[in-house]
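Working notes, beginning with the structure itself.
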Amino acid sequence: MLLAALRSWGALDENYAYKAGDDSAEFRGYEKDPGGGLGAEPVPGQIIGLSDILRSRLWSRLTSFALYEFQTTMFQPVGGMGRIGEAFVKEVGDLIVYSAKVIKIEQNDKGVTATYEDVKNPGTVRKASADWCVCTIPLSILSQIEINVGALMQAAIGAVPYASSVKVGLQFKRRFWEEDDLIFGGISYTDLPIRQISYPSTDFNTNGKGVLLGCYTWNGPNSYEFTSMAPDERVRRAVEYGAQIHPQYATEFENGISVAWHRSPFTLGCAGDWTEAARKQHYDNLCQIDGRIVLAGEHCSYIPAWQEGAILSSLDAIGRLHKRVLQG
Amino acid sequence: MTTMPHLLVRSPYLSAAVLLLAIIAAPGSRAAPPEATLSPGFRFSEQSGEALYTNVCQACHMGGGEGAVGAGRYPALAKDENLRTAGYSVYVVLHGYKAMPPFARLMSDDQVAAVVNYVRTHFGNAYTDAVTADDVKSAR
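So the protein lines, in turn, are chains A and B. FYI, the numbering for the first sequence is 152 to 479, going by this note's numbering. FYI, the numbering for the second sequence is 42 to 181, going by this note's numbering.
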């Protein structure tokens, strides 16, 4: 049974060999593609040697899209993920205070008061009070803010390191990956420091400019190294490496932008980087209601770094809070 | 925002090739600062304390060790009293502290010692009791 599975999945011939021929060509493609009419017979291409494939460590990259997390069809809001936050603003915008740098959160048995600096008017300190507080400040920030919660929650707030991640967006004069290479969406995985090139899933076959995700690191040495560079150097290096995959970079590149989450002033990192051990010791303590304060955000979820984790954690927190309030 | 599994791939010849190109491309020109390193493997390839600081620690603590202030802050390492105890610095680099990630799996004992010694003798710090790789090993 295992042999049969290997033969079918691994494109092996009747002797369980992986070699140039119809079986492998059905998976890997042809030297000359099948056509119609006379002279249309396909010619199978030469295979890449087994040790070359293994040594390329291609297999380690292919696991990404085989993960459960990436198996379901994912949709993007038109205009990008930021549109979700903007949609909340449409509903509750009048309740939001911007440019408020929280410096203290204090609770007693009657309510909670957040003290914050209006960073548009430096030195101006204001207070906001309410019966309860749902706090969504990332732990990288919250662990530096005075907050009178119990020792267990306090320990949990200080127990989660924040992941390093860098993205580089590159704008090109034309969508050469579609026009020249017939790539429509998806990702090229690479062992270069840029790790991947991600192609836009929108505006297929349109003329004019296009933007690629030209680098996406997640933890590991390259993420710290890209973060340490000046923003324009990140772009320059991403173009340099990407040109090894798409030589068109050399003539089509226009400009770029980079984001290194450890340099994002309001998160100081990309996402809570939980370990199993840390979760066991701290996760429940982090998520439970402490007096009149409850935390929410991707750091209070098992889906770190995703907006879904943040939203699910907030629904859970609000649900438990509601129950607590009704119980009096 | 998407997340990416922690799967990194090795390409051992890359950095050397890129550095070589950079050198060849600028013959006879004034000595430019070395191009930032991008390590080819799962661990940092920088070896000297200065290279490790410039390519790793600088990501948060900034080029002059001055730290940074946003909604929270990155502590300055310049003139930092907390560096007085060498063992504390070694512990924080290895195991992290609050939001700071641990580096035990990304750096060797020698590398941790090198970067700790570098920070403790630069940016207005002048602590003379250097740590050794053995000190780091016993703190893992």
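Ideal Cβ positions, reconstructed from N, Cα and C, are used throughout, including at glycine. No experiment lies behind these values; they were computed from the predicted model shown.
Would you mind reading off the limits of the alpha helix (DSSP H) that contains residue i?
i	result
K360/A	Note, K360/A: premise wrong, no alpha helix (DSSP H); not H, not E.
A217/A	209 to 217
C438/A	435 to 438
F151/A	Since the displayed chain A opens at 152 and closes at 479, residue 151/A lies outside it and no answer follows.
N158/B	150 to 161
E107/B	Segment: none, E107/B is in no alpha helix (DSSP H) and carries neither H nor E.
Considering just the uninterrupted stretch of the beta strand (DSSP E) at residue i, what are its terminal residues?
i	result
D269/A	263 to 269
R277/A	276 to 281
Y375/A	First-last for Y375/A: 371 to 379, but that is the alpha helix (DSSP H), not the beta strand (DSSP E).
Y132/B	Here Y132/B belongs to no beta strand (DSSP E); instead the alpha helix (DSSP H) covers 127 to 136.
K252/A	251 to 258
L321/A	316 to 323
G90/B	Unbroken run through G90/B is the alpha helix (DSSP H), 90 to 93; no beta strand (DSSP E).
Y340/A	338 to 340
Using a Cβ-Cβ cutoff of less than 7 angstroms, which residues in the same chain neighbour residue i once the five nearest sequence positions on both sides are dropped?
i	result
A117/B	G106, E107, G108
L60/B	Bear in mind that a pLDDT of 37 at L60/B, under 50, signals an unreliable position, so the number given afterwards is only what the model happens to contain. So the list reads E76, once near-sequence residues are dropped.
S374/A	S315, S316, V317, T368
G180/A	G196
E297/A	K255
Report back the beta-carbon spacing between residue i and residue j to the nearest angstrom; my notes put them in contact at under 8 angstroms.
i	j	result
D170/B	A127/B	6 angstroms
A92/B	F164/B	Contact flag wrong, Cβ pair sits at about 16 angstroms.
V319/A	S415/A	That pair is no contact at about 15 angstroms.
H433/A	A307/A	4 angstroms
I199/A	G113/B	Not quite, the Cβ-Cβ distance comes to about 49 angstroms (not below 8 angstroms), so this is no contact.
G407/A	L321/A	4 angstroms
K278/A	T266/A	5 angstroms
V177/B	V133/B	Rounded, the Cβ-Cβ distance is 12 angstroms, inconsistent with contact.
Can you tell me whether residue i is buried or exposed? The criterion is at least 16 other CB atoms within 10 Å of its CB, across all chains shown.
i	result
A217/A	exposed
G488/A	Since the first residue of chain A shown is 152 and the last is 479, residue 488/A is not available in this structure.
H496/A	With chain A covering 152 to 479 only, the question about residue 496/A has no answer from this structure.
V294/A	Correcting the residue type first, residue 294/A is Ser in the shown sequence and not Val. That one is buried.
R125/B	exposed
Q222/A	exposed
E192/A	exposed
G371/A	buried
Q152/B	buried
N259/A	exposed
F417/A	exposed
S379/A	buried
Which residues in the same chain as residue i place their Cβ atom closer than 8 angstroms to its Cβ, once the five residues preceding and following it in sequence are excluded?
i	result
R325/A	N358, G359, K360, G361, E403
V270/A	S250, A251, K252
E449/A	A422, G423, P455, A456, W457, Q458, G460, A461, S464
Among residues of its own chain, excluding the 5 on either side of residue i, which ones have a beta-carbon nearer than 6 angstroms to its beta-carbon?
i	result
E257/A	T264, N299
Can you find a heavy atom of the ligand ADP that lies under 7 angstroms from the Cβ of residue i?
i	result
T266/A	In the structure shown, the ligand ADP is absent, as is every other ligand, since no ligand is present at all.
Could you name the residues of chain D that residue i contacts, counting a contact when the two beta carbons are closer than 7 angstroms?
i	result
L437/A	Of the protein chains in this structure, namely A and B, none is chain D.
Subject >> Proximal residues, the region 274 to 300 of chain A versus chain B, C-beta separation under 9 angstroms >> reply: I288, P289, L290, S291, I292, L293, S294, Q295, I296
**OP:** Could you please tell me which residues of the region 458 to 476 of chain A, in chain order, have their CB closer than 9 angstroms to any CB of chain B?
**Re:** Q458
Original post:
Relative to chain A, which residues along the region 106 to 137 of chain B have a C-beta separation below 9 angstroms, given in chain order?
Top reply: A109, V110, G111, A112, G113, R114, Y115, G137
**OP:** Anything in the region 191 to 225 of chain A with a Cβ closer than 9 angstroms to a Cβ of chain B? List those residues in chain order, please.
**Re:** S207, R208, L209, S211, R212, T214, S215, L218, E220, F221, M225
Original post:
Which of the residues in the region 133 to 163 of chain B, read from start to end, lie with their CB under 7 angstroms from any CB of chain A?
Top reply: G137, K139, A140, M141, P142, P143, L147
Subject >> Residues, ordered as in the chain, of the region 356 to 387 of chain A that lie near chain B by beta-carbon distance below 7 angstroms >> reply: Y367, W369, N370, G371, P372, N373, Y375, E376, T378, S379, M380, E384
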